[in-house]
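Chemist: Here the working numbering = 1-based position in the sequence shown + 43.
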Amino acid sequence: MRCVVAIAEAGSLTRAAERLGLAQPALTQTLNRLEREIGAKLFARTRRGAALTQAGLAIIDDLRASLAHGDAATERARAMGAGRAGRLTIGFVTHAIYEVLPRALRRLRAEHPQIDVVLCEMSNAEQVDALEGGRIDIALLHPPVSVNAKVNELRLGEDPMVAALPAAHKLAADGCVALAEIAQQGLVWFPEQQIPALRTQLLGAIRRAGHDVKVVQDANRTLTVLACVAAGLGWSLLPRSVRALRHEGVRYADVRDGTGLPSFELAAMWLARSRPTFADAFATILRT
Numbered sequence: 044m045r046c047v048v049a050i051a052e053a054g055s056l057t058r059a060a061e062r063l064g065l066a067q068p069a070l071t072q073t074l075n076r077l078e079r080e081i082g083a084k085l086f087a088r089t090r091r092g093a094a095l096t097q098a099g100l101a102i103i104d105d106l107r108a109s110l111a112h113g114d115a116a117t118e119r120a121r122a123m124g125a126g127r128a129g130r131l132t133i134g135f136v137t138h139a140i141y142e143v144l145p146r147a148l149r150r151l152r153a154e155h156p157q158i159d160v161v162l163c164e165m166s167n168a169e170q171v172d173a174l175e176g177g178r179i180d181i182a183l184l185h186p187p188v189s190v191n192a193k194v195n196e197l198r199l200g201e202d203p204m205v206a207a208l209p210a211a212h213k214l215a216a217d218g219c220v221a222l223a224e225i226a227q228q229g230l231v232w233f234p235e236q237q238i239p240a241l242r243t244q245l246l247g248a249i250r251r252a253g254h255d256v257k258v259v260q261d262a263n264r265t266l267t268v269l270a271c272v273a274a275g276l277g278w279s280l281l282p283r284s285v286r287a288l289r290h291e292g293v294r295y296a297d298v299r300d301g302t303g304l305p306s307f308e309l310a311a312m313w314l315a316r317s318r319p320t321f322a323d324a325f326a327t328i329l330r331t
């Protein structure tokens with residue numbers, strides 16, 4: 044599996060052999076033997092290099108996922124052998140860092156000081172892919188999502204939306220903005236493939252309120268959204284807890300007629316295992 048992945052990434056047997064520390068004839072023999080066992084060519088080989096065939100493309104993602112699972116298992120065994128409890132890799136959306144994640148990490152450190160924690164800020168889609176591939180142990184993301192694996196899910200609450208707008212904009216006497224203003228400016232928001240259900244709900248709610256609205260700028264991270272708002276590219280609607288994140292050139296305001304807007308939900312998802320895992324322990328902390 045490592046040979047196939049190395050050839051796919053290097054684009055040639057020569058470069059892959061160098062990466063793997065193998066002689067090229069040995070790598071060629073390994074590939075030939077594998078292709079005979081499978082009964083299909085995995086690479087189209089030319090003088091210029093090696094490119095995946097349709098058969099190779101069909102299995103390369105599965106091979107990468109299998110290697111990730113194997114590496115994770117090896118790391119757990121190595122950690123236990125070295126007297127360490129092991130590692131917990133947490134994926135999270137920006138929304139989680141305002142309140143939920145800091146509190147949970149404090150308790151995790153107090154209750155399980157022997158666990159090494161790796162933090163990975165990711166979009167919803169990136170977390171689903173990483174969870175399926177075994178690259179993270181638990182995901183903190185916006186539901187609903189579809190995961191091609193058996194998972195546990197814990198809902199962690201929801202956060203109403205507030206408007207993010209340029210700091211120079213003068214607010215009304217009540218300190219609020221209206222949906223009509225937001226629609227007129229256009230939305231800076233997360234790409235459709237990132238949180239499609241919430242995006243559909245948001246746009247639908249504004250249109251049902253009688254306002255024609257469109258997303259004028261996609262941005263896949265909250266800080267990028269805020270940077271675009273500060274630059275005057277449009278306004279945004281973000282979870283209320285974003286107020287903890289100060290950004291030059293941006294101010295926040297409640298939406299005067301925003302009762303029909305959806306909320307940002309936050310959930311934890313982790314793979315269901317037959318034995319207790321560090322993810323289960325972290326979920327217990329999140330639950331309380």
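Every residue, glycine too, gets a C-beta built ideally from N, C-alpha and C.
So, is E308 buried or exposed, given that buried needs 16 or more other C-beta atoms within 10 angstroms?
Modeler: Residue 308 sits at position 265 when you count from the first residue of the sequence shown. Buried, because 16 or more other Cβ atoms sit within 10 Å of the Cβ of E308.
Chemist: Taking Cβ positions, are A315 and N195 nearer each other than 8 Å?
Modeler: Along the sequence shown, one-based indexing puts residue 315 at 272. Along the sequence shown, one-based indexing puts residue 195 at 152. Yes, these two residues count as a Cβ contact at 8 Å.
Chemist: Taking only three categories from DSSP, how would you classify A93?
Modeler: If you number the sequence shown from 1, residue 93 lands on position 50. It is a strand residue.
Chemist: Return the chain-ordered list of same chain residues with a C-beta closer than 6 Å to the C-beta of L184, the five sequence neighbours on each side being excluded.
Modeler: Taking the first residue of the sequence shown as 1, we reach residue 184 at position 141. Excluding sequence neighbours, L184 sits near V136, N167, Q170.
Chemist: Compute the beta-carbon to beta-carbon distance between T89 and C46, rounded to the nearest angstrom, for a pair I have assumed lies under 8 Å.
Modeler: On the sequence shown, residue 89 is found 46 positions in, with the first residue counted as 1. On the sequence shown, residue 46 is found 3 positions in, with the first residue counted as 1. Incorrect: roughly 19 Å between the Cβ atoms, too far for contact.
Chemist: A206 to I102, Cα distance in whole Å?
Modeler: The residue you call residue 206 lines up with position 163 of the sequence shown. The residue you call residue 102 lines up with position 59 of the sequence shown. Near 45 Å, if we compare the C-alpha coordinates of I102 and A206.
Chemist: Determine, using beta carbons only, whether L110 and V188 come nearer to each other than 8 Å.
Modeler: As a first step, residue 110 is located in the sequence shown; it is residue number 67 there, counting from the start. As a first step, residue 188 is located in the sequence shown; it is residue number 145 there, counting from the start. Contact flag unset, no.
Chemist: Cutting at 7 Å between CB atoms, please list the residues of its own chain near A324, excluding the five before and the five after it.
Modeler: Looking up residue 324 in the sequence shown gives position 281. Contacts found: H155.
Chemist: Less than 8 Å between the beta carbons of A226 and D255, yes or no?
Modeler: On the sequence shown, position 183 is the one that residue 226 refers to. On the sequence shown, position 212 is the one that residue 255 refers to. Yes. Within cutoff.
Chemist: Report buried or exposed for H138, applying the criterion of at least 16 other Cβ atoms within 10 angstroms of its Cβ.
Modeler: The sequence position of residue 138 within the sequence shown is 95, counting from 1. So H138 ends up on the buried side.
Chemist: Got a sec, what are the start and stop residues for the alpha helix (DSSP H) P145 sits in?
Modeler: Within the sequence shown, residue 145 is the residue found at index 102, counting from 1. Its alpha helix (DSSP H) spans residues 143-154.
Chemist: How far does the beta strand (DSSP E) with R130 in it reach, from first residue to last?
Modeler: The residue you call residue 130 lines up with position 87 of the sequence shown. 129-135 is the extent of the beta strand (DSSP E) around R130.
Chemist: Can you tell me whether F81 is buried or exposed, with buried defined as 16 or more other CB within 10 angstroms of its CB?
Modeler: Against the sequence shown, residue 81 aligns to sequence position 38. The displayed chain sequence assigns Ile, not Phe, to residue 81. Counting Cβ neighbours within 10 Å, I81 comes out exposed, since fewer than 16 surround it.
Chemist: Could you work out which residue in R121, P305, D180, L174 is closest to G247 when comparing CA atoms only?
Modeler: By 1-based counting over the sequence shown, the position of residue 247 is 204. Residue P305 is the option with its Cα nearest to G247.
Chemist: Where M44 and L266 are concerned, what is the direct C-alpha to C-alpha distance, given to the nearest angstrom?
Modeler: Within the sequence shown, numbered from 1, the residue matching residue 44 stands at position 1. Within the sequence shown, numbered from 1, the residue matching residue 266 stands at position 223. M44 and L266: Cα-Cα distance of roughly 38 Å.
Chemist: Identify, in the order they occur along the chain, each residue of the same chain with its Cβ nearer than 7 Å to the Cβ of R58, setting aside the five sequence neighbours on each side.
Modeler: Start at 1 with the first residue of the sequence shown, and residue 58 comes out as number 15. Excluding sequence neighbours, R58 sits near nothing in its chain.
Chemist: Taking 8 Å as the cut-off, does the segment 172-182 touch the segment 234-251 (at least 3 CB pairs, one atom from each stretch)?
Modeler: The segment 234-251, when compared against the segment 172-182, does not touch it at the 8 Å Cβ threshold.
Chemist: By a C-beta neighbour count over all protein chains shown, 10 Å radius and 16 as the cutoff for buried, is D180 buried or exposed?
Modeler: Within the sequence shown, the letter at position 137 stands for residue 180. Label assigned to D180: buried.
Chemist: Near L106, what residues of its chain come up, given a Cβ to Cβ distance below 8 Å and the 5 sequence neighbours on each side ignored?
Modeler: Start at 1 with the first residue of the sequence shown, and residue 106 comes out as number 63. Excluding positions up to five away in sequence, the list reads M44, V47, V48.
Chemist: Using 8 Å for Cβ pairs, my map puts S284 next to W232. What's the rounded Cβ distance?
Modeler: Residue 284 sits at position 241 when you count from the first residue of the sequence shown. Residue 232 sits at position 189 when you count from the first residue of the sequence shown. Wrong, their Cβ atoms sit about 17 Å apart, outside the cutoff.
Chemist: Do V160 and L151 have their beta-carbon atoms positioned less than 8 Å apart in this structure?
Modeler: Sequence index remark: in the sequence shown, residue 151 carries index 108 (1-based). Sequence index remark: in the sequence shown, residue 160 carries index 117 (1-based). In this structure, V160 lies closer than 8 Å to L151 by Cβ.
Chemist: Buried or exposed, going by whether 16 or more other CB atoms sit within 10 Å of the CB of R79?
Modeler: Taking the sequence shown and counting its residues from 1, the one referred to as residue 79 is at position 36. The residue in question, R79, is exposed, as its Cβ has fewer than 16 Cβ neighbours within 10 Å.
Chemist: Given a threshold of 16 other Cβ atoms within 10 Å of its Cβ, counted over all protein chains shown, does A147 qualify as buried or as exposed?
Modeler: Translated into the one-based positions of the sequence shown, residue 147 becomes position 104. Result: buried.
Chemist: Quick one: what does DSSP say Q237 is sitting in, helix, strand or coil?
Modeler: Taking the sequence shown and counting its residues from 1, one reaches residue 237 at position 194. Coil.
Chemist: With a 10 Å radius around its C-beta and 16 neighbouring C-beta atoms as the bar for buried, classify L85 as buried or exposed.
Modeler: The residue labelled residue 85 in the question sits at position 42 within the sequence shown. Counting Cβ neighbours within 10 Å, L85 comes out buried, since at least 16 surround it.
Chemist: Excluding the 5 residues preceding and the 5 following E271 in the sequence, name in chain order all residues of the same chain whose CB lies nearer than 6 Å to its CB.
Modeler: As a working mapping, residue 271 is identified with position 228 in the sequence shown. The sequence as given places Cys at residue 271; Glu does not occur at that position. V231, Q260, A262, listed in sequence order.
Chemist: Classify A51 as buried or exposed, calling it buried when 16 or more other Cβ atoms lie within 10 Å of its own Cβ.
Modeler: Here residue 51 refers to the residue found at position 8 of the sequence shown. Buried.
Chemist: With which residues is D180 paired in a DSSP beta bridge?
Modeler: Counting from 1 along the sequence shown, the entry for residue 180 is found at position 137. DSSP lists no partner for D180.
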